[in-house]
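Protein chains in written order, with the numbering used here: chain A, 334 to 576; chain B, 378 to 651.
Every residue gets a Cβ at the ideal spot worked out from N, C-alpha and C, and that includes glycine.
Take a look at the structure:
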């Protein structure tokens, strides 16, 4: 099937003859062009990580933020267009706050994921707006079920995952993620493995320098992890992966 | 088909083609088939059931989050085929309409009412240029208080064009026509059998055969037909994890999804019979 939309790809309100909406597929491509975003559910926490490609040498390290805290128990990692991600996160924060006000308790992860997805879906329906060019990877500590991971894609589809990746290195990363039994890993081990997986997915020669932004969501809440260097992440694995 | 004449009209839903077709709406129907999932629903005397294929799009997904059967209220359920994201939006709408009706009028909305509301909403999307039709077909299952206190199960299908009809048995999705044909064949055999019974028992008028729509089906037959139809159009042997079966019956008095064990039992019965 031709990848070119050839006239059916100019608006979100147009179906192609095969029943595809090309604008949504293109929005997904925008995510594929961007730095890798990863989420995994380990034994006692959710680990979220984003490969932050530094846009300029003078950027102060640690200031490029693509993982955002939504509520005390939820963090969202953005893959794709950062500014679009901030829009989704703003909505998520508003939903979480509203839930607390109405029901008096923390918003369950499943509910938040559905609301964010519903909001993203809205932008896939109308002519006068474009879809979000980002994936929202929602890591949460749910009061009932513990660590959970949801991912909302540009078309508004949302699923619960045990591990998720999107972005430049997603093919390589997903293959590696599938091999690991994340639910058995402790958080420290999972963090190291995730950092390693992201590091190995990059092309050392061609890719620009990056920072790994990592956040862990556990019972204690959302914790921001200081960036890993390539060596600490065990990128060049040598047998044990011990620091 | 002369592609040249339709080149300009495909893009905007408010524009008719010279042949009088709305191509965008037809493409929306294609979108329903795109995920490659089929759903079948059957209505009996005291129950209505819908069986839908369960396809998990990615290995890393937690299978419990993949579901096409949605509870709207105790008396109503919806099974969706097509785009999951559009389906969720529709379900949200149905739930909102159902609860508003119940709040305002004090009794559960008739299934036909809900189905027609959604159908009307779908029609609006086919008439306004700034919105696209939703790529999802909905099967409404429900329970209605009938005349004389009779409880009657109901089945309605609503498609992207805004068409809404009640069915005895129907299919939606990738293999809808094949499944529909299989169901017709099965019901026709039952019709003949039941007509013969009635004639033998002397209860039917001599020259009137039982209408296809009046074929009586028990709860078991309803579920067996639904899952059987799905099995007939799916190339591989179905396992309980591959199919989701939603049921509203007089026995249960509430919308529910069958457990794996129950589905397994029916699948075994179907394969033994074959």
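Contact belief for residue i with residue j at Cβ below 8 angstroms, rounded distance in angstroms
i: residue 516 of chain B; j: residue 549 of chain B; result: 6 angstroms
i: residue 380 of chain A; j: residue 507 of chain A; result: Not really, about 16 angstroms apart at Cβ, beyond 8 angstroms.
i: residue 520 of chain B; j: residue 625 of chain B; result: 5 angstroms
With 16 other Cβ atoms within 10 Å as the buried cut-off, status of residue i
i: residue 475 of chain A; result: buried
i: residue 636 of chain B; result: exposed
i: residue 623 of chain B; result: buried
i: residue 584 of chain B; result: Any reading at residue 584 of chain B must be qualified, since the residue scores a pLDDT of 49, below 50, and its modelled position is unreliable; the value itself is stated next. So residue 584 of chain B counts as exposed.
i: residue 630 of chain B; result: exposed
i: residue 362 of chain A; result: exposed
i: residue 555 of chain A; result: buried
i: residue 546 of chain A; result: buried
i: residue 468 of chain A; result: buried
i: residue 553 of chain B; result: buried
i: residue 542 of chain B; result: exposed
i: residue 348 of chain A; result: buried
i: residue 575 of chain A; result: For residue 575 of chain A, the pLDDT reaches just 31, beneath the cut-off of 50, and the residue's location in the model is therefore unreliable, although a value from the coordinates is still provided. Burial call: exposed.
i: residue 529 of chain A; result: buried
Pair within 7 angstroms by beta-carbon distance, residue i and residue j
i: residue 427 of chain B; j: residue 495 of chain B; result: no
i: residue 403 of chain A; j: residue 425 of chain A; result: yes
i: residue 596 of chain B; j: residue 424 of chain B; result: yes
i: residue 470 of chain A; j: residue 410 of chain A; result: yes
i: residue 486 of chain B; j: residue 478 of chain B; result: yes
i: residue 455 of chain B; j: residue 471 of chain B; result: yes
i: residue 475 of chain B; j: residue 453 of chain B; result: yes
i: residue 439 of chain B; j: residue 541 of chain A; result: no
i: residue 516 of chain A; j: residue 483 of chain A; result: no
i: residue 409 of chain B; j: residue 512 of chain B; result: yes
i: residue 538 of chain A; j: residue 384 of chain A; result: no
i: residue 530 of chain B; j: residue 402 of chain B; result: no
i: residue 550 of chain A; j: residue 479 of chain A; result: no
Assigned secondary structure, residue i (DSSP; H/G/I helix, E/B strand, else coil)
i: residue 404 of chain A; result: strand
i: residue 362 of chain A; result: helix
i: residue 450 of chain B; result: strand
i: residue 547 of chain A; result: strand
i: residue 544 of chain B; result: coil
i: residue 451 of chain A; result: helix
i: residue 530 of chain A; result: helix
i: residue 605 of chain B; result: helix
i: residue 512 of chain A; result: helix
i: residue 490 of chain B; result: helix
i: residue 407 of chain B; result: helix
i: residue 553 of chain B; result: helix
i: residue 584 of chain B; result: Residue confidence for residue 584 of chain B is low, a pLDDT of 49 falling below 50, so the modelled location carries little weight; the figure read from the coordinates is stated next. Correct three-state label for residue 584 of chain B: coil.
i: residue 412 of chain A; result: strand
i: residue 461 of chain A; result: coil
i: residue 633 of chain B; result: strand
i: residue 421 of chain A; result: helix
Among the options, the one whose alpha carbon lies nearest that of residue i
i: residue 648 of chain B; options: B:622, B:634, B:604 and B:460; result: B:604
i: residue 386 of chain A; options: A:412, A:401 and A:407; result: A:412
i: residue 558 of chain A; options: A:460, A:487, A:494 and A:525; result: A:525
i: residue 422 of chain B; options: B:614, B:462, B:397 and B:598; result: B:598
i: residue 638 of chain B; options: B:535, B:482, B:619 and B:508; result: B:619
i: residue 373 of chain A; options: A:536, A:511 and A:552; result: A:511
i: residue 578 of chain A; options: A:508, A:501 and A:518; result: Past the boundaries of the shown model lies residue 578 of chain A; chain A is included only from 334 to 576, so the question cannot be answered.
i: residue 535 of chain A; options: A:458, A:344, A:448 and A:369; result: A:369
i: residue 504 of chain B; options: B:601, B:538, B:491 and B:473; result: B:538
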